[in-house]
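Protein chains in written order, with UniProt numbering: chain A, 1 to 200; chain B, 1 to 200; chain C, 1 to 200; chain D, 1 to 200. Ideal Cβ positions, reconstructed from N, Cα and C, are used throughout, including at glycine.
There are 4 protein chains.
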Amino acid sequence: MDGFKRRSEKKKLDIIQASFLLFMEYGIQKVSISEIAKKAHVSQVTIYNYFENKHNLIYETYKFYIDNEVSDFIKLVKEDIPFPEKIKKLILQSRQASAQIHEEFYQYMIQDYSKEHNYLELSYTEQVLPYFDELIHEGKKNGFIDKQLSNQVIMMYIQMFAEYTKKEEVSMALLPNSEEFSKVFFYGLFGYKDTNKLNL
Amino acid sequence: MDGFKRRSEKKKLDIIQASFLLFMEYGIQKVSISEIAKKAHVSQVTIYNYFENKHNLIYETYKFYIDNEVSDFIKLVKEDIPFPEKIKKLILQSRQASAQIHEEFYQYMIQDYSKEHNYLELSYTEQVLPYFDELIHEGKKNGFIDKQLSNQVIMMYIQMFAEYTKKEEVSMALLPNSEEFSKVFFYGLFGYKDTNKLNL
Amino acid sequence: MDGFKRRSEKKKLDIIQASFLLFMEYGIQKVSISEIAKKAHVSQVTIYNYFENKHNLIYETYKFYIDNEVSDFIKLVKEDIPFPEKIKKLILQSRQASAQIHEEFYQYMIQDYSKEHNYLELSYTEQVLPYFDELIHEGKKNGFIDKQLSNQVIMMYIQMFAEYTKKEEVSMALLPNSEEFSKVFFYGLFGYKDTNKLNL
Amino acid sequence: MDGFKRRSEKKKLDIIQASFLLFMEYGIQKVSISEIAKKAHVSQVTIYNYFENKHNLIYETYKFYIDNEVSDFIKLVKEDIPFPEKIKKLILQSRQASAQIHEEFYQYMIQDYSKEHNYLELSYTEQVLPYFDELIHEGKKNGFIDKQLSNQVIMMYIQMFAEYTKKEEVSMALLPNSEEFSKVFFYGLFGYKDTNKLNL
DNA sequence: AATGAATGAGAATTCATTCAT
DNA sequence: TATGAATGAATTCTCATTCAT
């Protein structure tokens with residue numbers, strides 16, 4: 001990659017990051033190209049040169065966001081900590097500011113461009129799936145997950161928790177109950193009627 | 001209420017319903033006042049006469065939506081069916097088209113007017129809380145819910161399920177797994193190691 | 001027509017006339033909506049309320065122009081003056097400023113929206129045709145036009161002259177030669193080899 | 001001319017031709033520098049290096065177009081075919097696609113830069129004039145043109161025909177009438193009352 | 001000489017809101 | 001009360017032109 005290209009790539013990333021930050025703060029639809037331009041210290045036209053139109057910029061920002069999420073997740077799965085620790089991190093760690101942005105991207109993509117959105121979700125799923133399988137395998141092997149449950153359902157269950165706890169409000173309300181909440185994760189509402197080997 | 005007022009109230013409701021339908025189809029931010037006016041067969045100014053500005057209209061539409069949700073929930077709690085049936089309905093019945101609108105209202109309110117939003121959520125919670133307590137009480141009494149769990153956590157847990165299954169995509173993916181998913185609801189990932197008295 | 005409508009129609013006409021004048025002075029593509037708005041003393045949005053988009057405005061202005069041309073032509077045909085006088089007027093009178101606008105409308109319509117353009121030309125032709133026939137009939141009856149010539153060709157021939165002499169440059173160059181030019185109109189390049197009964 | 005210059009001249013011509021083709025297809029005002037650059041396989045800046053600004057490019061393209069027209073005309077005059085044949089060719093042969101581009105250049109130049117435009121017209125006229133005189137002389141000598149007509153008027157008359165028949169629409173409508181139309185060219189509307197020695 | 005990157009100025013268009021009746 | 005008409009402000013996007021290498 002020559003000097004031109006490298007600089008160019010860097011600028012593209014600058015723009016994406018600026019737009020991501022603004023999207024997080026004000027929501028996607030509220031942010032104008034001119035604001036992004038100002039924040040990224042480029043002219044509006046430069047943005048158009050790189051992304052052609054606003055939709056493309058949003059799309060690429062969404063991709064950027066998802067790529068980050070994915071690599072975070074993979075890193076977590078590979079970490080050398082006990083299974084319940086991993087789950088706790090996955091469920092409780094309201095990852096930085098990412099709070100509500102997920103839903104908004106989701107909404108935006110669904111409404112305007114459902115095809116691309118699906119494509120993205122798909123590729124994301126495919127990337128993530130193997131690691132999810134690995135995680136579930138680990139859980140089953142170590143006796144934390146019922147072996148009779150299908151991976152499909154387990155995955156949805158985990159994702160549900162992860163998504164839910166990312167909401168700002170929720171994470172607030174959870175603060176004093178996080179232990180209990182993790183326990184519910186494993187034992188459901190019915191609870192564990194036996195000796196608690198989990199030590200959550 | 002005299003004839004004037006009644007007619008007036010009817011018109012207000014017409015407008016709210018029109019805006020709600022449009023919000024559901026196109027998302028809140030995409031819908032303009034003029035579109036709402038057209039759909040409700042009134043002039044734009046009439047909308048301003050009733051609601052003063054767009055924000056108020058959205059706010060009232062949100063209230064309208066929440067009131068419906070609440071009364072649905074209360075009706076469900078009062079129904080004379082076994083506890084697990086209630087839960088199933090709550091969790092699996094992807095209530096009509098209401099699908100993603102919830103999240104969008106949520107996003108919108110958080111971003112623009114967090115104070116009012118909180119007020120609304122609060123009053124909503126207060127209205128719903130007693131019935132939730134009743135529901136939880138029923139569950140605990142009949143042995144479906146671990147008595148040691150706090151109502152707070154139980155409520156969040158149930159809401160999490162309810163919200164999650166409302167997403168269009170999710171309900172698609174769930175179709176063949178709904179039984180298993182309900183089971184997870186009660187037993188969590190650890191699963192039930194004993195005889196299954198639930199008969200889900 | 002009530003007061004509202006009348007005022008509204010008047011405003012629409014104001015806008016069309018403003019845009020027509022500007023088109024004539026600067027050419028169609030050079031004129032922006034905001035300039036038209038300024039000249040018509042309305043806001044840009046008012047123009048959009050009436051015409052929806054720039055193309056529609058241009059289209060209606062074109063229609064307005066053509067309607068004027070047509071009624072001018074019809075008036076001329078109905079005038080009570082000798083045939084050669086009518087021709088002279090038709091050919092030589094470089095009608096006010098209308099100079100080059102015709103061609104520009106023509107170009108614009110061809111390039112962007114050939115369908116509508118054709119429709120307009122057609123309706124125009126249909127309106128004008130009967131009067132053209134009348135004019136030609138008059139010419140043939142009085143011995144100014146060769147009876148063997150087809151109306152089609154005669155019409156094109158006359159139009160060709162009319163169009164050509166409308167060009168600013170041409171009318172300049174013609175000034176000292178207009179008599180001769182009218183003569184050519186009747187006798188072509190070959191000239192009249194007999195006594196000149198026309199008295200042009 | 002050394003290699004450098006030759007290559008450079010070639011590139012300049014490439015650009016002019018690209019712009020000419022685009023102008024013909026989309027109209028002058030609709031074509032952007034970047035499109036021309038793409039079509040000519042050069043960078044935008046290269047165009048600026050050669051032509052300084054868009055106006056100059058258009059101007060040179062116009063010159064290029066006119067030069068072609070002129071040399072076509074001169075070739076025609078020099079051809080060894082009977083006079084009426086020459087006229088037919090001049091009048092009826094809707095030269096390739098050049099159709100409406102003439103008018104557009106004309107409009108453009110008039111509106112924006114009437115001075116240069118005049119200069120161009122002038123030089124063009126000067127170049128063409130001698131050959132026009134030759135053509136007219138030939139016509140008069142062979143009895144096809146009335147000797148009393150001024151060259152000025154004859155020239156305008158011929159140009160009028162040539163221009164008119166170049167329009168796409170016109171040439172369509174003319175198809176079945178071309179013979180008759182040529183006849184009108186020579187005899188005007190009054191027609192030839194004697195034996196027809198022209199054999200058109 | 002040639003070009004990828006960048007931009008200021010301005011274009012069409014949309015929208016929430018107000019005016020006047 | 002109800003509404004047709006009108007608008008200021010903002011938004012997306014385009015384009016001729018210049019910068020920097």
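Continuous alpha helix (DSSP H) stretch holding residue 92 (chain B): start and end: Against the second sequence, residue 92 (chain B) aligns to sequence position 92. 83-92 is the extent of the alpha helix (DSSP H) around residue 92 (chain B).
Expected contact under 8 Å - CB spacing of residue 73 (chain D) and residue 128 (chain D) to nearest Å: Start at 1 with the first residue of the fourth sequence, and residue 73 (chain D) comes out as number 73. Start at 1 with the first residue of the fourth sequence, and residue 128 (chain D) comes out as number 128. Your pair residue 73 (chain D) and residue 128 (chain D) checks out as a contact, with CB atoms roughly 6 Å apart and the cut at 8 Å.
Inter-residue spacing [alpha-carbon to alpha-carbon] between residue 148 (chain C) and residue 21 (chain D): Position 148 of the third sequence, counted from the start, is the residue given in the question as residue 148 (chain C). Position 21 of the fourth sequence, counted from the start, is the residue given in the question as residue 21 (chain D). When rounded, the distance between both Cα atoms is 43 Å.
Three-state secondary structure (DSSP) of residue 44 (chain B): Indexing the second sequence from 1 puts residue 44 (chain B) at position 44. It is helical.
Proximity below 9 Å, CB of residue 101 (chain B) to CB of residue 60 (chain B): If you number the second sequence from 1, residue 101 (chain B) lands on position 101. If you number the second sequence from 1, residue 60 (chain B) lands on position 60. Not closer than 9 Å, so no.
Where residue 28 (chain C) falls: helix, strand or coil (DSSP): As a first step, residue 28 (chain C) is located in the third sequence; it is residue number 28 there, counting from the start. In the structure shown, residue 28 (chain C) sits in coil (DSSP, three-state: anything other than H, G, I, E or B).
Beta carbon proximity, residue 177 (chain B) to chain A, threshold 9 Å: On the second sequence, position 177 is the one that residue 177 (chain B) refers to. Interface residue, yes.
First and last residue of the uninterrupted alpha helix (DSSP H) at residue 145 (chain D): Here residue 145 (chain D) corresponds to residue number 145 of the fourth sequence, with the count starting at 1. Per DSSP, residue 145 (chain D) belongs to no alpha helix (DSSP H) and is neither H nor E.
Contact list for residue 173 (chain B) against chain A, beta-carbon separation under 8 Å: Stepping through the second sequence from its first residue, residue 173 (chain B) is reached at position 173. Within chain A, the residues 152, 156 have their CB atoms less than 8 Å from the CB of residue 173 (chain B), given in chain order.
N- and C-terminal bounds of the alpha helix (DSSP H) containing residue 75 (chain D): For the purposes of this step, residue 75 (chain D) is taken as residue 75 along the fourth sequence, with counting starting at 1. Looking at the DSSP string, the run of the alpha helix (DSSP H) that includes residue 75 (chain D) is 54-78.
Straight-line gap, residue 168 (chain A) to residue 150 (chain B) (C-alpha atoms, nearest Å): Translated into the one-based positions of the first sequence, residue 168 (chain A) becomes position 168. Translated into the one-based positions of the second sequence, residue 150 (chain B) becomes position 150. Straight-line measurement puts the Cα of residue 150 (chain B) at about 21 Å from the Cα of residue 168 (chain A).
Under 7 Å from the C-beta of residue 103 (chain C): neighbouring residues of chain D: On the third sequence, position 103 is the one that residue 103 (chain C) refers to. Listed along chain D are 103, 107, each with a C-beta nearer than 7 Å to that of residue 103 (chain C).
Validate contact between the segment 38-55 of chain A and the segment 74-83 of chain A using beta carbons, cut 8 Å, 3 pairs: With the cut-off at 8 Å, the segment 38-55 of chain A and the segment 74-83 of chain A do not touch.
Rounded distance between the beta-carbons of residue 124 (chain B) and residue 66 (chain B), thought under 8 Å: To locate residue 66 (chain B), count along the second sequence from 1; it is residue 66. To locate residue 124 (chain B), count along the second sequence from 1; it is residue 124. Approximately 5 Å separates the beta-carbon atoms of residue 66 (chain B) and residue 124 (chain B); this is inside 8 Å, confirming the contact.
Segment limits, alpha helix (DSSP H) that includes residue 177 (chain A): Residue numbering aside, residue 177 (chain A) sits at position 177 when the first sequence is read from its first letter. Taken as a continuous stretch (DSSP letters only), residue 177 (chain A) belongs to no alpha helix (DSSP H), as it is neither H nor E.
Beta-carbon gap between residue 92 (chain A) and residue 165 (chain A) smaller than 9 Å: The residue you call residue 92 (chain A) lines up with position 92 of the first sequence. The residue you call residue 165 (chain A) lines up with position 165 of the first sequence. Against a cut-off of 9 Å, the Cβ pair of residue 165 (chain A) and residue 92 (chain A) comes out as a contact.
Cβ separation of residue 240 (chain A) and residue 132 (chain A), assumed to be a contact under 8 Å, to the nearest whole Å: Past the edges of chain A, shown from 1 to 200, lies residue 240 (chain A), and the structure says nothing about it.
Which of helix, strand or coil DSSP assigns to residue 167 (chain B): What you label residue 167 (chain B) is simply residue 167 of the second sequence in a count that begins at 1. Assignment of residue 167 (chain B) by DSSP, reduced to helix, strand and coil, places it in the coil class.
Cross-chain neighbours of residue 185 (chain D) in chain C, by beta carbon under 8 Å: For the purposes of this step, residue 185 (chain D) is taken as residue 185 along the fourth sequence, with counting starting at 1. Here the neighbours are 188, 189.
Straight-line Cα distance separating residue 181 (chain D) from residue 174 (chain D): In the fourth sequence, the residue the question calls residue 174 (chain D) occupies position 174. In the fourth sequence, the residue the question calls residue 181 (chain D) occupies position 181. Spanning the two alpha carbons is a distance of roughly 8 Å.
Own chain partners of residue 142 (chain A) with C-beta closer than 7 Å, once the 5 adjacent residues on each side are dropped: By 1-based counting over the first sequence, the position of residue 142 (chain A) is 142. Closer than 7 Å at the Cβ level, and outside the excluded window around residue 142 (chain A), lie 83.
Interface positions of the segment 120-144 of chain C facing chain D (Cβ-Cβ less than 9 Å), listed along the chain: Answer set for the segment 120-144 of chain C: 121, 139, 143, 144.
Chain C residues whose Cβ lies nearer than 9 Å to that of residue 149 (chain D): Locating residue 149 (chain D) in the fourth sequence gives position 149, where the first residue counts as 1. Correct list: 180, 183, 184, 189, 191.
C-beta neighbour in chain B for residue 73 (chain A), strict 9 Å: Counted from its first residue, the first sequence places residue 73 (chain A) at position 73. So, not an interface residue.
Test: residue 163 (chain B) CB closer than 9 Å to a CB of chain A: Taking the second sequence and counting its residues from 1, one reaches residue 163 (chain B) at position 163. Using a Cβ-Cβ cut-off of 9 Å, residue 163 (chain B) counts as an interface residue toward chain A, since at least one Cβ of chain A sits closer than that to its own.
Residue 217 (chain A) (DSSP reduced to helix, strand or coil): Residue 217 (chain A) lies beyond the residue range present for chain A, which begins at 1 and ends at 200; the question has no answer from this structure.
Residue 106 (chain C) to residue 111 (chain A) span [Cα, whole Å]: By 1-based counting over the third sequence, the position of residue 106 (chain C) is 106. By 1-based counting over the first sequence, the position of residue 111 (chain A) is 111. So the two alpha carbons sit approximately 41 Å from each other.
C-alpha distance - residue 205 (chain C) paired with residue 34 (chain C), whole-angstrom precision: Since the first residue of chain C shown is 1 and the last is 200, residue 205 (chain C) is not available in this structure.
Interface flag, residue 69 (chain D) vs chain C, CB-CB below 9 Å: Within the fourth sequence, residue 69 (chain D) is the residue found at index 69, counting from 1. No, its Cβ sits nowhere closer than 9 Å to a Cβ of chain C.
Proximity of residue 188 (chain D) and residue 184 (chain C) at Cβ, strictly below 9 Å: Residue 188 (chain D) sits at position 188 when you count from the first residue of the fourth sequence. Residue 184 (chain C) sits at position 184 when you count from the first residue of the third sequence. Yes, the Cβ-Cβ distance between residue 188 (chain D) and residue 184 (chain C) is below 9 Å.
Residue 117 (chain C) versus C:56, C:50, C:186, residue with shortest Cα-Cα distance: Taking the third sequence and counting its residues from 1, the one referred to as residue 117 (chain C) is at position 117. Taking residue 117 (chain C) as reference, the option from C:56, C:50, C:186 with the minimal CA-CA separation is C:56.
Nearest-angstrom Cβ-Cβ length linking residue 12 (chain B) and residue 48 (chain B), presumed shorter than 8 Å: Position 12 of the second sequence, counted from the start, is the residue given in the question as residue 12 (chain B). Position 48 of the second sequence, counted from the start, is the residue given in the question as residue 48 (chain B). At roughly 12 Å, the Cβ-Cβ gap does not stay under 8 Å, so residue 12 (chain B) and residue 48 (chain B) are not in contact.
Min CB distance residue 169 (chain A) to chain B below 9 Å: The residue labelled residue 169 (chain A) in the question sits at position 169 within the first sequence. Flagged as an interface residue toward chain B: residue 169 (chain A), by a C-beta distance shorter than 9 Å.
Minimum Cβ-Cβ distance from residue 30 (chain C) to chain D less than 9 Å: Here residue 30 (chain C) refers to the residue found at position 30 of the third sequence. Yes, contact with chain D.
9 Å Cβ cutoff, residue 44 (chain C) in contact with chain D: Counted from its first residue, the third sequence places residue 44 (chain C) at position 44. False, the Cβ-Cβ gap to chain D never drops below 9 Å.
Inter-residue Cα distance where the pair is residue 30 (chain C) and residue 26 (chain D): Numbered from 1 along the third sequence, position 30 holds the residue referred to as residue 30 (chain C). Numbered from 1 along the fourth sequence, position 26 holds the residue referred to as residue 26 (chain D). Going from the Cα of residue 30 (chain C) to the Cα of residue 26 (chain D) covers about 16 Å.
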